[in-house]
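Asker:
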Amino acid sequence: MWLGVFLTEIERQAELGSRYIKRAWTRAMSEGTKSDDTMVWGDLQAALFSAIVIQRILKPGKVRPHPKETRVTRQAQAEYRGNRLRELLRINDSWPLFLAKDVRDACEHFDEKLDSVILDGTASLVDWHISHDGKMLQTPPQSAAAQEVAADLRAFYPRGGILRFSAKYELDVFNLDVAFLNLLEPEGVAAAQARLREDLEGPMTFGSTQYIYLMSEEHEDLRVNQWLDIRGQAGVPVPTSFAARRFPRDSWDV
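The numbering of the sequence shown is numbering that gives the first Met the number 0, which starts it at 0 and goes up by one.
1. Name the one or two DSSP bridge partners that ARG163 has.
2. In whole angstroms, what separates the C-alpha of ASN224 from that of GLU14?
3. Mapping the DSSP letters down to three states, classify VAL235 as helix, strand or coil.
4. Judging by CA-CA distance, which residue of GLU186, ARG248, PRO157, ASP198 is the nearest neighbour of MET214?
5. Run through the DSSP bridge pairs and tell me what ALA23 is partnered with.
6. Applying the criterion that 16 or more other CB atoms from any shown protein chain within 10 Å of the CB defines a buried residue, is SER93 buried or exposed?
7. Could you tell me which residues DSSP puts in a beta bridge with ILE129?
8. Closest by CA to GLN12, which one among LEU227, LEU195, LEU87, ASN181?
9. Can you list, in chain order, the residues of its chain whose CB lies under 8 Å from that of ALA77, leaving out five sequence neighbours each side?
10. Using the C-alpha atoms, what's the distance from ASP220 back to ASP252?
Here is the structure:
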């Protein structure tokens, strides 16, 4: 049962990841897009997030402790889950999506990477750069003693399909997108779900729970209008017509 829930999440993240890559690439390749376009980089970061969610499901790292289980037991459970899901999906360790980890980790720990650049006495920095012609900064392997050195961090080469963090970490974005798309094909998650159903026996179980509303409609109105006011004052407004929209709620007897 729970393996099916994980497969559903993998499918969701694959759809999102592929959509983000397509949107980032088409915007980066469009006429007039600046080399530091934040929307391109926002979508690239979102695609990396989708990739790491899938990777952690399929290849879990060290798990956190849980009050009801020892860390050793939890680790064994996570590794069994990952192994079984990779088996259902017919995925091995060389799968392109697993290669996103290094670039994603470097982006997440940007503060540490920038600290290193500063400590190395770097004279200048190229970062958050979209290279339309494929030209990338390359630091010589051995700089002259008195030679000032420049550093590059985040760079995207859309026509070549390359996303990199300095010269150390490089990701083929085209291959990552293909990995996402493969999960969405009939031979991907859908086939894994079918294999899982063949293995399941016995009735499904459901827990006892209930739905609650997180806040009153009046509280909704207050929060959304305050937020719209702040965005308006900041010069980045959202259409105020949405503020008046309320979604139907169930009428429950108290």
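Just so you know, even glycine gets a beta-carbon here, dropped at the ideal spot from N, CA and C.
Answerer: Per the coordinate set shown:
1. Start at 1 with the first residue of the sequence shown, and residue 163 comes out as number 164. Paired residues: ALA154, GLU169.
2. Position 225 of the sequence shown, counted from the start, is the residue given in the question as residue 224. Position 15 of the sequence shown, counted from the start, is the residue given in the question as residue 14. When only Cα atoms are considered, ASN224 and GLU14 end up about 32 Å apart.
3. Here residue 235 refers to the residue found at position 236 of the sequence shown. Coil.
4. Here the question's residue 214 lines up with position 215 in the sequence shown. The option with the nearest alpha carbon to MET214 is ARG248.
5. The residue you call residue 23 lines up with position 24 of the sequence shown. In DSSP, ALA23 forms no bridge with anything.
6. Within the sequence shown, numbered from 1, the residue matching residue 93 stands at position 94. Exposed, because fewer than 16 other Cβ atoms sit within 10 Å of the Cβ of SER93.
7. In the sequence shown, counting from the first residue as 1, residue 129 sits at position 130. According to DSSP, which records beta bridges pairwise, ILE129 is partnered with PHE155.
8. As a working mapping, residue 12 is identified with position 13 in the sequence shown. Answer by Cα proximity: ASN181.
9. What you label residue 77 is simply residue 78 of the sequence shown in a count that begins at 1. Result list for ALA77: PRO59, VAL62, in chain order.
10. Residue 252 sits at position 253 when you count from the first residue of the sequence shown. Residue 220 sits at position 221 when you count from the first residue of the sequence shown. Note that ASP252 has pLDDT 47, beneath the 50 cutoff, so the model's placement of it is unreliable and the number below is only indicative. The straight-line gap from Cα to Cα measures roughly 24 Å.
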